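Residue numbers (my numbering): 348 to 786.
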Ligand SMILES: Cc1cc2nc3c(=O)[nH]c(=O)nc-3n(C[C@H](O)[C@H](O)[C@H](O)COP(=O)(O)OP(=O)(O)OC[C@H]3O[C@@H](n4cnc5c(N)ncnc54)[C@H](O)[C@@H]3O)c2cc1C
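Encoded structure:
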């Protein structure tokens, strides 16, 4: 039996649930703080949007979920399964391989119930402070608050030996910046606040970005909108099929927006638009974390972070699960959660603080040499296979046979091959069988 600690987990989305299960397996005493009334995090669809559609007002009431009503998973359920808990089709559910968001929520809900996690979660508790109050004994205080009335809150403090941060990283909008953004008279919003297409009927809409949200929103609004214009940094692999839309055009990024409603693109084209939707991703955001400046967010790099999980000087007492994006994130989070739980119980060892700090610096300088911008620090991209294999080795589990093939890159290839209707055309079972029998 390893060491047992009192551990706080912030958030009961996918990362928080996986972390709670792994900590429970190691015998730790766990409290999960969740500000919502249910599990699921981003998968808990909320028809409400924020009062500031761009998400810039720091005093706005936060709506956590960024899902739009029609959202379907962009990975097949096989790639969103956990190691010993497959995301199987269930009676009465959504049987599609790329299911709608309700099915993913149901999967997470079932997972929480089947592993007895509900009793560990304090729902309606928003964490407002996580602070190391005693560096020698590693005592952390977690302050949380619950709403009593419309305008009053009650807060409480509790001490823990370790804290795992799983608050998600797709709720705080990152907005594009260009001259004239503040004085442009049209409606500007972030995709975080997009739910349904009706409001865009007969409108001239500019979508900034070329990620999955931009592609989905284009597909959904173009039948209604008068015109859709895409402003992209680099022409997207997904957008090459923009010619399939009679009323959509791809441009370079926005040069400036004018007071008369016109928007000028860097390629010289000008569009008189009604709406700009920023599909420009999200920012890491830890308003509750008081780490004496040890953990910082700089240009979307959360650092210093050993292997995206442990800040060397606070390890293993503070950790983060779920920082990575552009990856098959459910499985990455599962391995990270297991790593944290086993490191805490002493079954798996971390290198020294100095060695971890050196490893972090090496990672940063490799990125710099390769010309990868800081903001992509946690985008696994090409490193996914190597990272997952490394985690599996720490945990003494066999690397997944199909990992290489199931990474986001294979899906990019699939999307390229099958086009934007990949979710309905691509026979994933056949594809997986082929990979499985390939060695
Ligand atoms: C539009 C969109 C589509 C996506 N599609 C896919 C997909 O198809 N497949 C896929 O694998 N991934 C997809 N993702 C990625 C998705 O974010 C991950 O799948 C995953 O759900 C993230 O889990 P998480 O636990 O890290 O964060 P979240 O799901 O965001 O959970 C964080 C939890 O922490 C809680 N919380 C936050 N702050 C506090 C606080 N201060 N106190 C208490 N609780 C707090 C929140 O209420 C929430 O429940 C998508 C993301 C977006 C935005």
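The beta carbon of each residue, even a glycine, is placed where N, CA and C say it ideally should be.
All of these numbers come straight from a predicted model, not from anything done at the bench.
- Placement of the Cβ of residue 427 at a distance of less than 8 Å from at least one heavy atom of ligand 1 is found.
- Around the beta-carbon of residue 438, fewer than 16 other beta-carbon atoms lie within 10 Å, marking it exposed.
- Cβ-Cβ distances below 8 Å link residue 739 to 682, 745, 746 and 747 in the same chain, with the five nearest sequence neighbours on each side left out; the list follows chain order.
- At a threshold of 8 Å, residue 396 does not count as near ligand 1, since its beta carbon sits no closer than that to any of the ligand's heavy atoms.
- Judged by DSSP in its simplified three-state form, residue 442 adopts coil rather than helix or strand.
- Boundaries of the beta strand (DSSP E) harbouring residue 576: 574–578, taken from the DSSP string.
- Per DSSP, the beta-bridge partners of residue 629 are 520.
- Residue pairing from DSSP places residue 643 in a beta bridge opposite 650.
- If you ignore the 5 residues before and after residue 398, its C-beta comes within less than 8 Å of the C-beta of 404, 407 and 408, all in its own chain and listed in chain order.
- For the 9 Å CB-CB criterion, residue 677 and residue 667 do not form a contact.
- Each residue's CA atom was taken as its position, placing residue 603 and residue 533 some 14 Å apart.
- Residue 764 has its Cβ no nearer than 8 Å to any heavy atom of ligand 1.
- The way I'd put it, the stretch 366–383 does touch the stretch 678–697; three or more beta-carbon pairs between them come closer than 8 Å.
- For residue 483, the number of other beta carbons within 10 angstroms of its own is below 16, and it is reported as exposed.
- Between the stretch 440–460 and the stretch 605–615, the count of Cβ pairs shorter than 8 Å is below three; the stretches do not touch.
- A distance below 9 Å separates the beta carbons of residue 537 and residue 624.
- The straight-line gap separating the alpha-carbon atoms of residue 561 and residue 554 is approximately 7 Å.
- In this structure, residue 464 sits away from residue 391, with a CB-CB distance that is not shorter than 9 Å.
- Taking C-beta atoms as the reference points, residue 728 and residue 673 count as a pair closer than 9 Å.
- Excluding the 5 residues flanking it on each side, residue 635 has same chain C-beta neighbours closer than 7 Å at 474, 475, 476 and 477, in chain order.
- Taken in chain order, the whole beta strand (DSSP E) runs of length 3 or more contained in the stretch 386–474 are 468–470.
- Counting only runs of at least 4 residues, the stretch 688–732 fully encloses the following alpha helix (DSSP H) elements, listed from N- to C-terminal order: 700–716.
- 353 is the residue among 754, 719, 353 and 712 whose C-alpha sits nearest the C-alpha of residue 467.
- For residue 738, the CB stays at least 8 Å from every heavy atom of ligand 1.
- For ligand 1, a non-hydrogen atom lies closer than 8 Å to the CB of residue 389.
- Between residue 762 and residue 769, the beta carbon gap of about 5 Å places them in contact (Cβ cut-off 8 Å).
- Between residue 558 and residue 669, the C-beta spacing is not below 9 Å.
- Assignment of residue 487 by DSSP, reduced to helix, strand and coil, places it in the strand class.
- Looking at 648, 663 and 569, the one whose alpha-carbon comes closest to that of residue 726 is 648.
- For residue 529, there is no enclosing alpha helix (DSSP H), since its DSSP letter is neither H nor E.
- DSSP places residue 505 within a strand segment (E or B) once states are collapsed to three.
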